[in-house]
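Numbering (my numbering), first residue to last: 2 to 537. Ideal Cβ placement from N, Cα and C applies to all residues, glycine included. To start, the structure under review is shown below, and the notes come after it.
Below, the structure is given as structure tokens:
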């Protein structure tokens with residue numbers, strides 16, 4: 002009997018210690034049986050929406066930084082002010098100024114836009130993996146609150162989903178010498194906003210049932226480029242633990258490789274001249290809607306991330322090649338038709354065979370034309386048209402995403418998983434740029450920014466289930482292979498296996514390696530030559 006009491010006492014002590022550690026880890030809000038509508042953050046309490054039929058509560062429009070207005074325009078993000086009482090978090094915040102689209106109209110834009118949204122399961126108090134979405138839009142348009150990015154279906158897979166806004170265009174990526182002197186290197190405030198949101202998540206996501214030690218950043222197009230740049234930044238250490246890049250990596254774009262700081266400063270000077278506002282004080286006095294319109298007139302896509310020397314010390318591809326990126330598990334891939342529909346117009350001037358060959362010779366040099374034509378044939382009009390489309394998609398998206406896989410596999414020591422998405426159906430007839438988005442979020446009915454003709458079928462929903470299964474499993478474990486789904490092989494370098502995302506996913510051996518390795522050979526010190534820009 003005394004021995005039994007001793008064992009019981011020891012067991013009770015161990016249980017008490019475990020419970021104490023759990024209570025210390027979980028915030029009071031998470032320690033409840035279910036997640037409440039009112040959650041306390043470091044800035045104050047917020048009231049969200051009641052759980053939906055799947056048990057997912059949402060909290061929207063939560064500020065993660067002080068509004069960057071007035072004297073704070075073009076300053077690094079500052080911590081949000083505290084508030085008393087309970088803040089309403091049942092609807093989204095404003096969209097950041099940028100190019101208006103059907104899903105982000107001009108009427109909903111404001112400089113007071115640095116907010117985020119949280120979707121969280123309410124019926125399980127165990128800390129859950131967190132997935133932080135970085136929206137696309139060329140760093141010129143978009144919002145984390147677009148209906149397409151509603152996180153409720155993804156969260157129903159047992160993860161906490163966060164979407165966020167960040168400053169766009171000239172508001173987020175203006176570089177000037179006087180800004181450099183005022184607050185340190187300028188030009189990448191939009192990326193600094195994303196970093197500030199990740200810091201907020203570290204401090205607050207536990208209150209929503211999320212695990213701050215298991216955060217995955219994921220994004221598409223510009224959002225995927227942001228993923229690559231955040232991985233390359235020394236300022237993000239410890240802020241995320243896995244990464245998913247969908248169609249993007251290093252911000253190689255229609256402007257060629259990512260801008261140097263000198264290039265970004267030149268665009269800042271041009272904006273001042275356009276607005277007749279030579280000083281920083283004069284620029285800050287320009288009304289936001291006037292500044293937004295002037296940016297569109299000057300160059301609607303010219304203000305973009307650059308190598309500022311702080312957030313990005315060097316070209317992202319070079320940082321990856323040298324192993325200076327964040328060493329976290331990576332899942333990355335691209336669509337089979339990256340040119341369609343976004344970049345299709347870039348191929349038009351290059352389609353007739355003589356024009357196509359001349360443009361290619363200007364970019365790649367006459368000595369490389371035999372190798373080029375083996376990969377992008379131009380012997381007939383139809384093949385030239387196909388090659389022009391293929392080359393546009395490769396130069397804009399595919400090559401750098403594929404290169405990201407290889408560089409990270411070689412230098413990080415972390416698991417890497419690659420994919421090529423080929424899925425099509427009457428609902429989604431092209432495996433084009435952005436086509437995977439409704440399947441990733443499970444929002445097949447809600448595509449305000451993507452025209453819909455046929456309605457989704459059972460097959461479309463089944464494919465979406467597979468994609469969400471892979472994505473959320475990777476977020477939880479760092480390995481996308483999910484129960485009931487075909488195993489996803491690790492990417493082991495040139496010529497190794499990726500996963501073909503099709504109706505029935507299956508491994509495929511590096512299907513585009515020959516073309517993409519040819520393009521990769523032109524990168525030097527992390528950048529492509531200036532002739533790259535001449536093609537577009």
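The three-state reading of DSSP puts residue 119 in strand, counting E and B together. Between the alpha carbons of residue 533 and residue 457 lies a gap of roughly 39 Å. With 16 or more other Cβ atoms inside 10 Å of its own Cβ, residue 477 counts as buried.
C-alpha of residue 73 to C-alpha of residue 65: approximately 15 Å in a straight line. Taking the Cα of residue 474 as reference, the smallest distance to any Cα among 205, 215, 93 is reached at 215. Put simply, the segment 376-388 does not touch the segment 417-430. Fewer than three CB pairs are less than 8 Å apart. Leaving aside the five residues that flank residue 128 on each side, the residues in its chain whose CB is nearer than 6 Å to its CB run, in chain order, 212. Pairing residue 145 with residue 164 gives a Cβ-Cβ distance under 7 Å. Put simply, the backbone Cα of residue 410 is about 7 Å away from that of residue 493. Contact between the segment 480-489 and the segment 361-378 is absent, with fewer than three C-beta pairs closer than 8 Å. If you draw a straight line from the Cα of residue 354 to the Cα of residue 385, it comes to about 6 Å.
Look at residue 489 here: in three-state DSSP terms it is coil, with no helix or strand label. When 440, 148, 199, 120 are compared, the shortest CA-CA separation from residue 40 is found for 120. When the five nearest sequence neighbours on each side are left out, no beta carbon in the same chain lies closer than 6 Å to the beta carbon of residue 183. In the DSSP annotation of this structure, the continuous segment of the beta strand (DSSP E) that includes residue 211 starts and ends at 211-221. If you draw a straight line from the Cα of residue 280 to the Cα of residue 273, it is about 8 Å long.
Within a 10 Å sphere around the beta-carbon of residue 78 sit 16 or more other beta-carbons, which makes this residue buried.
Within the segment 309-374, complete beta strand (DSSP E) segments of at least 3 residues are found at 331-336, given in chain order. Comparing alpha-carbon positions, the option among 324, 342, 327, 392 lying closest to residue 352 turns out to be 392. Residue environment for residue 83: exposed (fewer than 16 other C-beta atoms within 10 angstroms of its C-beta). Between residue 137 and residue 221, the CB-CB gap stays under 7 Å. By the criterion of a C-beta distance shorter than 8 Å, residue 85 is surrounded in its chain by 45, once the five residues flanking it on both sides are discounted. Closest in alpha carbon position to residue 289, among 168, 514, 194, is 168. Taking residue 118 as reference, the option from 89, 522, 396, 296 with the minimal CA-CA separation is 89.
Here DSSP, grouped into helix, strand and coil, assigns residue 228 to helix. Counting along the chain, residue 412 sits inside the alpha helix (DSSP H) bounded by residues 400-412. Around the beta carbon of residue 235, fewer than 16 other beta carbons sit within 10 angstroms, so the residue counts as exposed. For residue 462, the enclosing alpha helix (DSSP H) begins and ends at 459-478. Beyond the five residues adjoining it in sequence on each side, residue 315 comes within less than 7 Å, by CB distance, of 308, 527 in the same chain, given in chain order. In the three-state reduction of the DSSP assignment, residue 157 falls in the coil class, being assigned neither a helical nor a strand state. Annotation for residue 512: 421, 499, 501 place their beta carbon closer than 8 Å to its own, counting only its chain and skipping 5 residues before and after.
Judged by DSSP in its simplified three-state form, residue 125 adopts coil rather than helix or strand.
Residue 208 has its alpha-carbon roughly 34 Å from the corresponding atom of residue 251.
Apart from sequence neighbours up to five positions away, the residues of its chain that approach residue 226 with a beta-carbon distance below 6 Å are 249, 252, ordered along the chain. In chain order, 284, 287 place their CB closer than 7 Å to the CB of residue 278, counting only its own chain and leaving out the 5 sequence neighbours on each side.
Short of 6 Å from the beta carbon of residue 265, and not among the five residues preceding or following it, lie these beta carbons of its own chain, in chain order: 176, 188, 307.
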